[in-house]
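In what follows, a single structure is set out as structure tokens and then discussed.
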Amino acid sequence: MSVTPARRRRHLMPVIALAVGSFGVFPLSSSAVPPVALQEKGAEDVDVTGGGHAARRIALLSETRTVLPNVDDDSGRCAIPDGKLVKFVQASTCHDGADNVVNGPEDAKDLTLVRLPAIKDIDRKATATLSVPAKAKGKVRVFVKKGNGWTPGLALPARITAEQLRAGMTFGVEATDVIRDSRIFDGAFSLDLQVREGRRISRARLDLQVAKLTPFSTEELEKVVTLRSTGDNQSSPNWPAADIRKIGSTVPVRTRVVDGFVSQWSQDHFEGMYASMDQGGRRQSIRVLALSHRNIPGKNEWFGFRGKDIGVIALTGPQGDTSLESTGNVEAIGAYTKNGRTYRAGRLIMGHTPHNPYGTMSQVQRSFFESNAEQRPIYLDTVFLSVGHVDEIFQVVPARNERGWVFATASPQDGIALLKKVSAAGQGGQRIANPPKVKDDPPPMPLTVDEALKSPDFVRANEIAHKRIEANVNTLKRELGFTDKDFLRIPVLFERSRIDGVPQPPDTGGMVEGPASDVPVLDGNRSADVVDHRRHGDAGERTGGEAQLGTRNLRAAIPSGVNGLPLDRQRMLVPEQFGPKLNGKDVFAEAITAAHAKDGKRVGYVDTYYQYHLFGGELHCGTNVFRKIPMS
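Numbered by the UniProt record's numbering, the letters in the sequence shown go through residues 1 to 632 in order.
So, in structure tokens, the structure goes:
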């Protein structure tokens, strides 16, 4: 079937031996290290008769304090074939941390190994109990090594026999989920062992931490991933693979094709993240696709990408389901240094304006990202944008500097300057965008250059956008210690959105439940029919509309050169500009190409006009990526 696209809605360590009373802090190393036996003092042996000090001979030993959230599917038992729509209930409840067994040798690699050395002189009548704090119950699971395999997960607190204590034991620990809200569970817990020998009680404790998720940013691209409805975009079924090859890149594209409608805005469906631990001289990692706190049709299809070392988790709950919760509104920046300190995990930037009813991201989504972050995310003002996403105005792109990246930054001031240049050359009769003509129900034609420069509404829209973007630039400078040279200005034009005015409350009332994403219907954050708006608009939604400019009603007037797809340090794809020409050359494309050339990048152009641009998004919005997990 042919589907009209919907409008874009708006680390491991030395061996650690800890016993009770040991609260030492151990630095996390950035790479695997040979095991080094460290014995902490402070084992607590209590002789309740008061008859003497008991020998400290009971300990829990591990090479790492890190426990992975075991949400992948190493054995492939949860695999979902291409084609049919994924159903949330079945898909979300199948992963390696959801059952009580170790699912094969690959799953065993995700376990944190904890050793209880043999206690040869243990009393034959001794008893022991292994437990975790109440806050960790149901959130972590402990297995026992048995021969070449593992027992089912222990029911904690679990009884340990004298025979097991005498022989010694190896435990495998997993987390059953990611950290979602640190106010409820921050991932810190302990494995506690209490041994009773007559009237003598001995205790050992090992402090552990569920690994936080780190967002990808500037790592090497592994593949581009997209979703597509059957019959949609038949002219380029594996888009944008041909454009990637044309610029000389070999980055593959994987597209999941579904027999039913799925939202085309792949960037808005998930944020790519990862968790790692070092153990046994190697690094073990799990990639996690964190689905947005929205009911986007087709979002659940990303469960089809789950597999070995790849997990998918969904954010559910109230007060979400608006454009602000789309993950195009969540962007990760690369490593940076401020005041002599380097932040290797980078930082998140997100569009969120507190106390503004049209610019707030849900608490569920903010809590998730804040709880997993090394630093608090930087919140930027996107409330002036119709869609309201940070990727409309900023993108991290490779650069020739010590850090390796800069912000590509939307510059309406530079965009207006280009229009003035064209007009001054006597070429102002050209339209600001000249896309290929379509026969059936063409959309309204863009303004001419001279019309745009004489339109108070158009000029004011770009003045507002410039002011608000520069305020965000100043926020980033202050938070990151950046200067003007860290912002690559890209000429962009803004206009009043055809959907003019503030968004209406979502039909769901803001409740996000996975099954709501199963429904194959158009993604309508606004009451109007997006298809009709593409073709005709209406009187209240054309330039000169009556809503106050700057509150959820500015959009890119021509395809945004900021919303691109960096492929590597030498190549980048950008939306085809279709801009006005001087001397036969597109002035916007020329300016964008020259800007990236300063950092040694070639630019390829991709036509997004009818498929994406007219619906409020561009190339970055319509794609997502898998990046290589850092191994150091």
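C-beta atoms are modelled at their ideal positions from N, C-alpha and C, and glycine is treated no differently.
#1: Looking only at its own chain, which residues have a Cβ that is under 6 Å from the Cβ of ARG344, when we skip the five neighbours before and after it?
#2: Might you give, ordered along the chain, the residues of its own chain that have their beta carbon closer than 6 Å to the beta carbon of ASP538, omitting 5 neighbours on each side?
#3: May I ask you to list the residues that DSSP assigns as paired with ASN624?
#4: Spatial neighbours of ASP192 within its chain, please: CB distance less than 6 Å, with the 5 preceding and 5 following residues excluded, ordered by chain position.
#5: Please check the pair ALA167 and ALA118, which I expect to be a contact at CB under 8 Å, by giving their CB distance rounded to whole angstroms.
#6: How many angstroms separate the CA atom of ARG254 from the CA atom of LEU227?
#7: ALA126 bridges to which residues according to DSSP?
#8: Check whether the Cβ atoms of GLY564 and PRO575 sit closer than 9 Å, and answer yes or no.
#9: Buried or exposed for PRO503, going by 16 or more other Cβ atoms inside 10 Å?
#10: Which residue comes first and which comes last in the alpha helix (DSSP H) that contains LEU476?
#11: Straight-line CA distance for ALA424 to ASP586?
#12: Is GLY24 helix, strand or coil by DSSP?
#13: For LEU522, which three-state DSSP category applies?
#14: Please state whether DSSP places SER560 in a helix, a strand or coil.
#15: Report all residues from its chain with a CB closer than 8 Å to the CB of LYS139; omit the five preceding and five following residues, and keep chain order.
#16: If we count Cβ pairs, one from each stretch, closer than 8 Å, do we get three or more for the region 490-502 versus the region 341-356?
#17: Put GLN504 into one of helix, strand or coil per three-state DSSP.
#18: Just to confirm the assignment: which complete alpha helix (DSSP H) runs, minimum length 4, are found wholly within the region 60-112?
#19: Should ASN300 and ALA91 be called a contact, given that it needs their Cβ atoms to be closer than 9 Å?
#20: Helix, strand or coil: which one does DSSP assign to residue 642?
#21: Taking the beta carbon of MET361 as the centre, do at least 16 other beta carbons fall within 10 Å, making it buried, or is it exposed?
#22: According to DSSP, what are the bridge partners of ALA290?
#23: For PHE482, which residues from the same chain have a beta carbon less than 7 Å from its beta carbon, with the 5 sequence-adjacent residues on both sides left out?
#24: For THR448 versus GLY426, is the C-beta distance shorter than 9 Å?
#25: For the pair the region 381-395 and the region 547-557, tell me if three or more CB-CB distances fall below 8 Å.
#26: Can you give the Cα-Cα distance for SER497 and ASN472, rounded to whole angstroms?
#27: Whole angstroms are fine: how far does the CA of GLY187 sit from the CA of ILE313?
#28: Could you give the distance in angstroms between the alpha-carbon of PHE26 and the alpha-carbon of GLU63?
#29: Along the chain, where does the alpha helix (DSSP H) containing LEU418 start, and where does it finish?
#30: If contact is defined by three or more beta carbon pairs under 8 Å, each pair taking one atom from either stretch, is the region 210-219 in contact with the region 271-291?
#31: For ASN148, count the other beta carbons within 10 Å of its own beta carbon; 16 or more makes it buried, fewer makes it exposed. Which is it?
#32: Taking GLY501 as the reference, which of GLY281, GLN319, GLU219 and GLY388 has the closest Cα?
#33: Assuming contact is defined by CB atoms lying nearer than 9 Å, are THR549 and ASP457 in contact in what I supplied?
#34: ALA595 lies in the alpha helix (DSSP H); which residues open and close that run?
#35: Please state the DSSP three-state secondary structure of PHE143.
#36: According to the Cβ coordinates, are ARG196 and THR127 closer than 9 Å?
Reading from the atomic positions:
#1: Non-local C-beta neighbours of ARG344 in its own chain, meaning closer than 6 Å and more than five positions away in sequence, comprise ALA335, ordered along the chain.
#2: Note that ASP538 has pLDDT 38, beneath the 50 cutoff, so the model's placement of it is unreliable and the number below is only indicative. Here ASP538 has no same chain residue with a Cβ atom under 6 Å from its own Cβ, once five neighbours each way along the sequence are excluded.
#3: Paired residue(s): VAL225.
#4: SER131 and ARG205, listed in sequence order.
#5: Contact between ALA167 and ALA118 holds: CB atoms are separated by about 6 Å, below the 8 Å threshold.
#6: The alpha-carbon separation between ARG254 and LEU227 amounts to approximately 9 Å.
#7: According to DSSP, ALA126 bridges with nothing at all.
#8: Yes.
#9: Residue burial is scored here from C-beta neighbours: PRO503 has at least 16 other C-beta atoms within 10 angstroms and is therefore classed as buried.
#10: Taken as a continuous stretch (DSSP letters only), the alpha helix (DSSP H) holding LEU476 covers 456-480.
#11: So the two alpha carbons sit approximately 16 Å from each other.
#12: Below a pLDDT of 50, predicted positions are generally treated as unreliable, and GLY24, at 29, falls in that range; the measurement from the model is reported next regardless. Note: GLY24 maps to coil in three-state DSSP.
#13: Unreliable placement is indicated for LEU522, whose pLDDT of 37 sits below 50; no coordinate value is reported for it.
#14: Of the three classes helix, strand and coil, the one that applies to SER560 here is coil, per DSSP.
#15: ALA175, THR176, ASP177, PHE185, PHE189 and VAL210, listed in sequence order.
#16: They do not touch, by the three-pair rule.
#17: GLN504 falls in the coil class under three-state DSSP.
#18: Runs of the alpha helix (DSSP H) lying entirely within the region 60-112 and spanning at least 4 residues, in chain order: 88-92 and 105-108.
#19: The answer is yes: Cβ separation under 9 Å.
#20: This structure gives no information on residue 642, because the portion of the chain shown stretches from 1 to 632.
#21: Taking all protein chains in view, the Cβ of MET361 is crowded by 16 or more other Cβ atoms within 10 Å, so the residue is classified as buried.
#22: Beta-bridge pairing links ALA290 to GLU271 and ILE313.
#23: The residues are LEU476.
#24: Pairing THR448 with GLY426 gives a Cβ-Cβ distance that is not under 9 Å.
#25: As far as the Cβ criterion goes, the region 381-395 touches the region 547-557, which means the pair count is three or higher.
#26: Straight-line spacing of the CA atoms in SER497 and ASN472 works out to 21 Å.
#27: Each residue's alpha carbon lies about 16 Å from the other.
#28: Here the model assigns PHE26 a pLDDT of 28, short of 50, so the residue's position is not dependable, and the following value carries that caveat. Rounded to the nearest angstrom, the gap between the Cα atoms of PHE26 and GLU63 is 11 Å.
#29: Start and end: 412-424.
#30: In this structure the region 271-291 lies against the region 210-219, because at least three pairs of beta carbons, one per stretch, are closer than 8 Å.
#31: Exposed.
#32: When only C-alpha atoms are compared, the closest one is GLY388.
#33: For the record, residue 549 in the displayed sequence is Leu; it is not Thr. Yes, the Cβ-Cβ distance between LEU549 and ASP457 is below 9 Å.
#34: That run of the alpha helix (DSSP H) goes 587-597.
#35: Looking at PHE143 - three-state DSSP - the assignment turns out to be strand.
#36: Yes. Within cutoff.
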